[in-house]
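Here my numbering is used: the first residue of the first sequence is 1, the next is one more, and so on.
Don't be surprised by glycine CBs; every beta carbon is placed ideally from N, CA and C.
For reference, the structure discussed in these notes is given below.
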Amino acid sequence: MVGLPIPEGWKRSHFSADIKPSIKGEKVTVLGMVLSVRKQGGLCFVILQDRYGTLQVTAHKDRTEPQVFERLTGLKAHSYIGVKGVVKAIEKAPRGAEVEVDDLYVFSEPKRLPPFDMFAKTLPSLDKRLEIRAVDLRRPTAQAVFKIRHQVLQAIRSFLVEKGFIEVNTPKIIGSATEGGAALFPLLYYDKEAFLAQSPQLYKEQLSSAFERVFEIGPVFRAEKFKTPRHLSEITSVDVEMAFADYEDVMKLLEEMIHRAITDVLDKCSEELKALEIELEKPRLPLKRLTYNEAYKTLKKLDVEVSWGEDFSTPALRKLGELNPGFYFITDWPTVSKPFYIKPREDNPRLSESFDLMHGSLELASGGSRVSSRDLLARRLRRQGLNPKLFEYHLRVYEYGMPPHAGFGLGLERFMMAITGISNIREVTLFPRDQTRLTP
RNA sequence: GCCCUGGUGGUGUAGCCCGGCCCAGCAUAGGAGGCUGUCGCCCUCCCGACGCGGGUUCGAAUCCCGCCCAGGGCGCCA
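Next comes the structure, spelled out in structure tokens:
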């Protein structure tokens, strides 16, 4: 029976969520995956999981066809089945209603056991689960993470669209580094050397001159050889760029965007939040804004090692996270610590119009006002040791005029970590890529 | 790349410091059976493991060396 098309009469009539006391007496066909089978003498309870949740299926020995009863009680978790039966309103049943089996169709049974139990308190190591990630994702708690992720993406998209942004996609195969540095994956592009894009940065800036407001949600690639619970080689970046705006404007946009995302998750994902035991709170706007210099002084006072002009070390960020739980901005970074396209402040060029969005000690996003003068951009490139010739394709656009613009890039997985409180980025990524993991 | 910790049945762990009491304990999954309102059911019985290679020793899961793998920390960043 494995591999056969869905047989006559076995199309789904109801989802689990539709089985309520109010439709008692109706004949239904439900399809899904078996989570558990509990036999109790002449009674059998099967928990079936589908797209919308779980449902109890019951069989009484004295009321069910003997073959059907035998087949049902013999089922293992991870079997994909169809059940025809009548909806009963039963107070003792999980959702106040259950389906009493008349007929059963088994689409597929597992040939082997997954190395974990669907409800187990103790899970196998993440490493083991990732080897058969799709099976791991059958666990209700694992699913909850990605249902929340979906809601976050929906919220971000509709928020940005409402604000007049258009969604774009830019090349992921590029001919030269976007921001310099060595953190790129090289690849062979026909007979040329090419790279996987580490950011849509330059493209989105260019596009902001044509469309004014653009955003892209897509993968970016980093070849950094880091093995930490918050780094991956491939991540999803939410990139936003806006003409006629400065960093204050886009900080406001960003905080409203995450507020909207969290609000929507609270409204629409209460089941998932419950499954993950998350106490999510809406951040209060405006978020706290801490300047780099303020943070620097605070850390210095606490005898944390800091060096002006450099990014904060991990231990320093941990300290800042202790002092500032939740979401906050660190603004006005030293110009030397930021990429060439970040605009120095007019009143003090040693500082830049830039910000990082933090959640505790975790960096979620960074952004700022951009340089819109071609000559300044070329000068900044040179000063950072980059070859302006490699960026000719980019500088060229600026010769034809460029509006002032600003933007940010938000790491979607990092944001998911902040929302869910999950401390390993792999756990909030369907198929994570890191130094050692290239499959599945 | 460096530093630190750890690898015991399908899975999660106890045992390791202080070698023999460990033909390795517990839980869960799996197999057999029992149970008519369970709800991560319950009860009885069964099955099943010391990462790999060398060494020390009368004797190694336990001590030593090498390798492999994993987790954490650091640098970098989202």
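Residue i: CB within 7 Å of a non-hydrogen atom of the ligand MG
i, result
"PHE107", "This structure simply doesn't include the ligand MG, nor any ligand for that matter."
Cβ-based burial, residue i [other Cβ within 10 Å; buried from 16]
i, result
"SER199", "buried"
"SER233", "buried"
"ASP303", "exposed"
"ARG396", "exposed"
"TRP333", "buried"
"PRO171", "exposed"
"GLN201", "buried"
"PRO432", "buried"
"LEU386", "buried"
"GLY25", "exposed"
"PRO315", "exposed"
"GLY32", "buried"
"GLU70", "exposed"
"ARG51", "exposed"
"GLY42", "exposed"
First through last residue of the beta strand (DSSP E) which encompasses residue i
i, result
"HIS150", "First-last for HIS150: 140 to 162, but that is the alpha helix (DSSP H), not the beta strand (DSSP E)."
"VAL106", "97 to 108"
"GLU193", "192 to 196"
"ALA183", "It is not in any beta strand (DSSP E) - ALA183 carries neither H nor E in the DSSP assignment."
"GLN56", "53 to 60"
Nonlocal neighbours in the same chain, by C-beta distance under 8 Å from residue i, ignoring five residues either side
i, result
"LYS300", "VAL306"
"ARG63", "GLU100"
Nonlocal neighbours in the same chain, by C-beta distance under 7 Å from residue i, ignoring five residues either side
i, result
"LEU448", "With the chain covering only 1 through 440, there is no way to say anything about residue 448."
"PRO110", "LYS76, HIS78 and SER79"
"ALA144", "GLU272, ALA275 and LEU276"
"GLY309", "PRO334, VAL336 and SER337"
"THR429", "LEU232 and GLU413"
"TYR189", "ILE173"
"LEU72", "CYS44, VAL46, ALA59, VAL101 and LEU104"
Length of the line joining the Cα atoms of residue i and residue j
i, j, result
"TYR328", "GLU346", "24 Å"
"VAL220", "SER337", "21 Å"
"MET326", "MET358", "Here residue 326 is Gly; the residue named in the question, Met, does not match the sequence. When rounded, the distance between both Cα atoms is 8 Å."
"VAL168", "ASP249", "21 Å"
"GLN151", "PHE215", "17 Å"
"PHE355", "SER361", "15 Å"
"THR331", "ARG213", "23 Å"
"ASP102", "ARG318", "59 Å"
"GLY74", "ALA93", "21 Å"
"ARG38", "LYS11", "26 Å"
"SER369", "LEU253", "13 Å"
"ALA378", "MET402", "14 Å"
"LYS343", "GLY175", "25 Å"
"ALA59", "ARG95", "17 Å"
"GLY164", "VAL240", "12 Å"
"LEU104", "GLY82", "6 Å"
"LYS61", "ARG139", "30 Å"
"LYS84", "PHE226", "52 Å"
"ALA155", "THR298", "36 Å"
"SER13", "ILE19", "10 Å"
"LEU123", "THR141", "11 Å"
"SER108", "LEU48", "14 Å"
First through last residue of the alpha helix (DSSP H) which encompasses residue i
i, result
"LEU276", "LEU276 -> no alpha helix (DSSP H), and no H or E assigned at all."
"VAL68", "66 to 73"
"MET118", "Where MET118 is concerned, there is no enclosing alpha helix (DSSP H), given that its DSSP letter is neither H nor E."
"PHE408", "Looking at the DSSP string, PHE408 is not in any alpha helix (DSSP H); the run it does join, the beta strand (DSSP E), is 405 to 411."
"ALA316", "314 to 323"
"VAL265", "247 to 268"
"VAL304", "It is not in any alpha helix (DSSP H) - VAL304 carries neither H nor E in the DSSP assignment."
"LEU395", "392 to 399"
"GLU131", "126 to 131"
Same chain only: Cβ atoms within 6 Å of residue i, ignoring 5 sequence neighbours per side
i, result
"PHE415", "LEU364"
"MET1", "In this prediction, MET1 has a pLDDT of 47, which is less than 50 and means its spatial position is unreliable; what the coordinates show is noted afterwards. Nothing meets the Cβ criterion."
"ALA223", "ALA183, LEU184 and PHE185"
"HIS442", "Lying outside 1 to 440, the shown extent of the chain, residue 442 is not represented and no answer is given."
"LEU187", "ALA194"
"PHE211", "ILE166"
Counterpart residues of residue i in DSSP-defined beta bridges
i, result
"LEU362", "HIS359"
"ILE174", "PHE195"
"GLY41", "Note: GLY41 sits in no beta bridge, so no partner."
"GLN49", "MET33 and THR54"
"ARG289", "PHE329"
"MET242", "ARG213 and ALA406"
"LEU187", "ALA194"
"PHE221", "GLU234"
"ILE90", "Answer by DSSP bridge pairing: none, since ILE90 is not bridged."
"PRO334", "LEU351"
"ARG370", "ILE342"
"LYS84", "THR29 and ASP103"
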